[in-house]
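Note that the sequence shown covers residues 38 to 222 in my numbering.
Yeah, the Cβ is synthetic: ideal placement off N, Cα and C, and Gly gets one too.
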Amino acid sequence: MTTASSPRARGPVRRVLDGLYLASGILGACFILGIAGLITAKVVGRLLGRNIPGSDDLTAWFVAASAFLALAYTFRHGSHIRVTLLVQRFTGRWRRGFELASLVVATLAVGGLAAGLVDLVLDSWRWNDIAQGLLRVPMWIPQSATALGAVILFIALVDDLVTTLRGGEASYLKGDGAADRFDGH
C-alpha cells in the first residue's frame with residue numbers, strides 16, 4: 038500500500054524538487070567540512086612552522102557557499118529563525134493570508150537577490166574578473182555557489198507559494214520548528 042508520505046505517492050516533480058533541496062543541503066554541509074579541514078590544516082601548519090597560502094580566501098568562499106547552499110534545505114525543514122510575533126496573533130483565513138503575503142514578499146526579495154547574484158557571476162565571467170588575493174581564481178567560480186544557493190532558495194519559495202495558493206500547507210510549517218523555539222525544548 039502506498040501512503041501519502043511514501044516516495045511512490047509523491048509525483049516526479051516533487052521527488053526532483055526534494056532531491057534538489059537535499060543535494061543543495063548536502064553540498065552546503067560539504068563546504069562546512071571544507072572549512073573545518075582548512076582550519077585544521079592551518080592549525081597543524083602553524084605548529085609545524087608552515088603557512089597555507091590562500092587558505093583565508095578559500096575559507097571565505099567556503100563560508101559563503103555553505104551558507105547559501107544550505108538555505109533551501111533549512112527553509113523547507115522549518116529550521117530558519119522566523120519572527121512569529123505578528124503571525125501568531127492571527128487565526129484561520131487571516132493567518133493564511135498573512136503567511137501567503139509573507140511568502141510573496143520573500144519570493145520577490147529572494148528572486149531579486151538570485152537575479153542579481155546570477156548577473157554578478159555572468160559579469161565576472163564576461164570581464165574575466167580575477168580574485169585579488171593569493172589565489173588567482175576567476176571570481177565567477179566562487180560566486181557561482183552563492184548564486185546557485187539563492188536560485189535554489191527562490192525555487193523553494195515558489196514551491197511553497199504555489200503549494201499555499203493551491204490550499205496546501207507551506208513546508209516550513211510542517212518542519213519541527215526547532216529554530217523557532219527559544220525555550221530550550
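DSSP-derived helix/strand/coil call for residue i
i	result
S42	Caution is warranted here: a pLDDT of 48 is assigned to S42, below 50, making its placement in the model unreliable, and no coordinate value can be reported.
P90	coil
T128	coil
L157	helix
S139	helix
R133	helix
S61	helix
R47	coil
G204	coil
S181	helix
T121	coil
Sheet register partners of residue i (DSSP bridge)
i	result
I167	P175
Selection from the options that minimises the alpha carbon distance to residue i
i	options	result
L154	F191, W131 and V81	F191
G65	A187, L85, D160 and V142	A187
Y209	E136, L202 and G48	E136
V174	T183, S161, L185 and V100	S161
S103	V81, L185 and V199	L185
G129	W164, K211, R51 and E206	E206
V195	K79, A107, G148 and N165	G148
L198	L145, I72, A73 and G74	L145
A193	L157, A78, V80 and L140	L140
V226	L70, V50, R83 and R87	Residue numbering for the chain in the displayed model covers 38 to 222; residue 226 lies beyond these limits and cannot be assessed.
T183	N165, L150 and L202	L150
* Counting only runs that start and end within the stretch 67 to 114, where is the alpha helix (DSSP H) found for 4 or more residues in a row? -> You should have 92 to 113.
* Any chance the stretch 175 to 193 sits against the stretch 88 to 103, with 3 or more Cβ pairs inside 8 Å? -> The stretch 175 to 193 makes contact with the stretch 88 to 103; the number of CB pairs closer than 8 Å reaches 3 or more.
* Between the stretch 107 to 114 and the stretch 45 to 63, do at least 3 Cβ pairs fall closer than 8 Å? -> In short, these stretches touch, since the Cβ pair count reaches three.
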